[in-house]
Each structure stands twice: as C-alpha cells, then as structure tokens.
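For our numbering, count along the sequence shown from 1 and bump the result up by 3.
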Amino acid sequence: MDSRTCAALKGSGGVKIGEKGRARSGVTTDIVREAALALAREFGPGRVTVEGISTASGVAKTTIYRRWPNAAALIMDAFLDEIGPVIAYRPTATLIGTFSNALHDLARALTPSRREMLRHLVAAAQSDPDLGAAFWENWIKPRREEALRAIQPFGVARDEGDILLDLLFGAFYYRMLIPYAAIDSEWIDGLVERVFLDDPKPATELGGRN
Numbered sequence: 004m005d006s007r008t009c010a011a012l013k014g015s016g017g018v019k020i021g022e023k024g025r026a027r028s029g030v031t032t033d034i035v036r037e038a039a040l041a042l043a044r045e046f047g048p049g050r051v052t053v054e055g056i057s058t059a060s061g062v063a064k065t066t067i068y069r070r071w072p073n074a075a076a077l078i079m080d081a082f083l084d085e086i087g088p089v090i091a092y093r094p095t096a097t098l099i100g101t102f103s104n105a106l107h108d109l110a111r112a113l114t115p116s117r118r119e120m121l122r123h124l125v126a127a128a129q130s131d132p133d134l135g136a137a138f139w140e141n142w143i144k145p146r147r148e149e150a151l152r153a154i155q156p157f158g159v160a161r162d163e164g165d166i167l168l169d170l171l172f173g174a175f176y177y178r179m180l181i182p183y184a185a186i187d188s189e190w191i192d193g194l195v196e197r198v199f200l201d202d203p204k205p206a207t208e209l210g211g212r213n
C-alpha cells in the first residue's frame, strides 16, 4: 500500500480517521495510532506501512519513527492502547476468581471488530518477523507477566502458572481464532471450573521453584 493509495482512500472515504487526523501543529500520539488502526482494519496489518500511516495521519515519517521502529510495532501499540486498560487483572481472594475475572474481562473487551483485528494480527505475525516480534513484546509477554504476578500471592509455582495460562488462554484464543462456537459466560465458567478440578501445586511441592 503506497502513499497514493492511502491518499485516494482518504479522499474517497475508504479510511476515516476523523478531523483530528489531519496535519496540524501539536499533533498527538493518538492521531497516529488512530490512523494506523484505521488502515490496518481496511487493508490488514501486514500491508500497512509507515509511509501510508504518515499520509493518512498527516504526521511526518520522521516523527513517527521517533516513537515506533516500524508499522507493525505501531499497529500493535495502537491496538493495545485501545484495549489494554479494560483487560488489566483484578485479583480476588481466590485463584479461580482471579482467572475468571480475567477471562470475562477479556471476552467483553474483545468486541467483534477487535477480535477480527486480533485474528489479522495473529495471522500476519506468522509471516512477518517484525509483527511477530511486536506481538510477543507488546501483547503475549506483558500479558503473561501480568498474569504470573497476579497469581504469585497464591503460592503457585512458576512452571505450574505457565501451564495454567496455556490451558486457560490457549482455549480462549483457539475459540476466538477459529470461531466455531461462542465465547460466553457459561463457557468461560465451565472452562475455569474444569481447569481447576485439581488445585495447582504450590512452589514448595516443585522443589521451591518460583
């Protein structure tokens, strides 16, 4: 996607980023993020370039590169900025409650359009090293680290915590990526209950690893 394509799309209404997307003094990060997401939704994240984002937002490429190394990292940052605040972990008095909250919050936050975007990001990341790295650094890694911190107070061993995350979120993302059935409250509750049929082993039972 070159700059002429982006310009034509802007003129024809193909990509709508609003009045604040036009070049002007005092441009904010939100303008660039909004343009990146609009283009990613229109073309798919793997086809978006910094040049295209620059044209769509009216922000110079040099300004964009001062903040983001490439278009992939920018798109991922924009997506997380949009969704991140509503999927923070909310610890409860129980491990089951903490994970139940996390999955319910994630399901609510991933609206149909956001799920579609995430599917595109995951698919594009398989063949785009930059997007793959951005996906790991900005989505998977911080989400896993936050989850592991949330379960530390329950004394769960690190290895056991990794397995719990794989079981719970692996099932969630599989159903999201291959939407053969709904992700609803009943399914989430059933998933959590089944995973926790056996209590996770504490660190002391696994040689003190944490």
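Using N, Cα and C, we set each Cβ at its ideal position, and we do this for glycine too.
Remember, predicted model here, so these are calculated numbers, not experimental data.
DSSP three-state assignment for residue i, whether helix, strand or coil
i: residue 195; result: helix
i: residue 159; result: strand
i: residue 81; result: helix
i: residue 154; result: helix
i: residue 108; result: helix
i: residue 183; result: coil
i: residue 63; result: coil
i: residue 93; result: coil
i: residue 71; result: coil
i: residue 165; result: helix
i: residue 133; result: helix
Terminal residues of the alpha helix (DSSP H) in which residue i lies
i: residue 48; result: Neither: residue 48 is in no alpha helix (DSSP H) and is coded neither H nor E.
i: residue 127; result: 115-128
i: residue 200; result: Note, residue 200: premise wrong, no alpha helix (DSSP H); not H, not E.
i: residue 141; result: Premise fails: residue 141 is in no alpha helix (DSSP H) and is neither H nor E.
i: residue 31; result: Neither: residue 31 is in no alpha helix (DSSP H) and is coded neither H nor E.
Burial state of residue i (16 or more Cβ within 10 Å)
i: residue 36; result: buried
i: residue 149; result: exposed
i: residue 163; result: buried
i: residue 52; result: buried
i: residue 58; result: buried
i: residue 181; result: exposed
i: residue 65; result: exposed
i: residue 193; result: exposed
i: residue 156; result: exposed
i: residue 31; result: exposed
Backbone CA spacing between residue i and residue j [nearest angstrom]
i: residue 161; j: residue 151; result: 7 Å
i: residue 87; j: residue 158; result: 26 Å
i: residue 122; j: residue 96; result: 33 Å
i: residue 134; j: residue 43; result: 12 Å
i: residue 137; j: residue 75; result: 7 Å
i: residue 142; j: residue 79; result: 8 Å
i: residue 106; j: residue 175; result: 8 Å
i: residue 177; j: residue 114; result: 16 Å
i: residue 34; j: residue 63; result: 12 Å
i: residue 199; j: residue 167; result: 9 Å
i: residue 85; j: residue 124; result: 15 Å
i: residue 171; j: residue 195; result: 7 Å
i: residue 169; j: residue 190; result: 17 Å
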